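*Asks:* First, the structure itself, so that you have it in front of you.
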Amino acid sequence: EAGVTQSPTHLIKTRGQQATLRCSPISGHTSVYWYQQALGLGLQFLLWYDEGEERNRGNFPPRFSGRQFPNYSSELNVNALELEDSALYLCASSFAGLAGGLDEQFFGPGTRLTVL
Amino acid sequence: AQKVTQAQTEISVVEKEDVTLDCVYETRDTTYYLFWYKQPPSGELVFLIRRNSFDEQNEISGRYSWNFQKSTSSFNFTITASQVVDSAVYFCALLPGSARQLTFGSGTQLTVLP
Chain A
1 EAGVTQSPTH
11 LIKTRGQQAT
21 LRCSPISGHT
31 SVYWYQQALG
41 LGLQFLLWYD
51 EGEERNRGNF
61 PPRFSGRQFP
71 NYSSELNVNA
81 LELEDSALYL
91 CASSFAGLAG
101 GLDEQFFGPG
111 TRLTVL
Chain B
117 AQKVTQAQTE
127 ISVVEKEDVT
137 LDCVYETRDT
147 TYYLFWYKQP
157 PSGELVFLIR
167 RNSFDEQNEI
177 SGRYSWNFQK
187 STSSFNFTIT
197 ASQVVDSAVY
207 FCALLPGSAR
217 QLTFGSGTQL
227 TVLP
């Protein structure tokens, strides 16, 4: 069974540009989560999508947004990039959605975003 | 608010030594899950174990064992007879029943020397 996949592996942008990161969950998983791992800041929760809706977001500005498609894949968009957005962005998926229990989240390999 | 503390930033051991990674958590939720993840240099987080708040039974899986104690809000991870391949950053994480976001500790960099 394929795990969580993310693309691209690496992304280099300049300040002010927009970045789009993609994630495909494990087959059968309906929830997708995004986390940011920035140097010195650790792993921080960004967004949670389930059944196409944004269910929760972490303490990040509105220029971090995303969406979940009918096939449960997800996209994270970061607008007006700033230098401090440079980080590893990890996507995770889980089976349990709103009605389910607290299933473990399985992570993808991440997208390393570098903002110059 | 949720909080996970991993006080050990870096640990270095020699191969075959036992090593314990500490994790202390804070939550007001009565239902929650605790996790350990391993992050090798490649960056991907590898799931190791999940415990729920109602199950304090310790668990052993091969060379790995976990000690969950609600009385001290701790969920420690021990690697027995460590190997060089165990070198990685290990994260403890908390998933409260009231939210779906994992709260991670700051991680412990484990280096196992040959």
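In order, the protein sequence lines correspond to chains A and B. Letter by letter, the first sequence follows residues 1 to 116 of the numbering used here. Letter by letter, the second sequence follows residues 117 to 230 of the numbering used here. We put the beta carbon where it would ideally sit given N, CA and C, even for glycine. Computed from a predicted model, the values in this text were never measured in an experiment.
Should the segment 5-25 of chain A be regarded as contacting the segment 117-136 of chain B, the criterion being three or more beta carbon pairs within less than 8 Å?
*Replies:* No contact exists between the segment 5-25 of chain A and the segment 117-136 of chain B.
*Asks:* Kindly say whether residue 160(B), judged by its beta-carbon, lies nearer than 8 Å to any beta-carbon of chain A.
*Replies:* Here residue 160(B) corresponds to residue number 44 of the second sequence, with the count starting at 1. Closer than 8 Å: yes.
*Asks:* Residue 104(A) and residue 193(B): beta carbons closer than 8 Å?
*Replies:* Indexing the first sequence from 1 puts residue 104(A) at position 104. Indexing the second sequence from 1 puts residue 193(B) at position 77. No.
*Asks:* Compute the beta-carbon to beta-carbon distance between residue 6(A) and residue 87(A), rounded to the nearest angstrom, for a pair I have assumed lies under 8 Å.
*Replies:* Looking up residue 6(A) in the first sequence gives position 6. Looking up residue 87(A) in the first sequence gives position 87. That belief does not hold up - the Cβ atoms of residue 6(A) and residue 87(A) are roughly 13 Å apart, past 8 Å.
*Asks:* Does residue 64(A) get closer than 8 Å to chain B when you measure Cβ to Cβ?
*Replies:* If you number the first sequence from 1, residue 64(A) lands on position 64. Not closer than 8 Å to any Cβ of chain B, the Cβ of residue 64(A) fails to qualify, so no.
*Asks:* Thinking just about the alpha-carbon of each residue, which of 138(B), 119(B), 166(B) and 218(B) is nearest to the one in residue 195(B)?
*Replies:* Residue mapping note: residue 195(B) aligns to position 79 of the second sequence, counting from 1. Closest by alpha carbon: 138(B).
*Asks:* Which residues in chain A have a C-beta closer than 9 Å to the C-beta of residue 144(B)? List them in chain order.
*Replies:* For this step, residue 144(B) is matched to residue 28 along the second sequence. What residue 144(B) touches in chain A: nothing, since even the nearest Cβ is about 16 Å away.
*Asks:* Look up residue 35(A) in the DSSP assignment and give the residues it is bridged to.
*Replies:* Start at 1 with the first residue of the first sequence, and residue 35(A) comes out as number 35. Answer is 45(A) and 90(A), bridged to residue 35(A).
*Asks:* Would you kindly work out how many angstroms separate the C-alpha atoms of residue 109(A) and residue 161(B), rounded to a whole number?
*Replies:* Counting from 1 along the first sequence, the entry for residue 109(A) is found at position 109. Counting from 1 along the second sequence, the entry for residue 161(B) is found at position 45. If I take the Cα positions, the gap works out to 7 Å.
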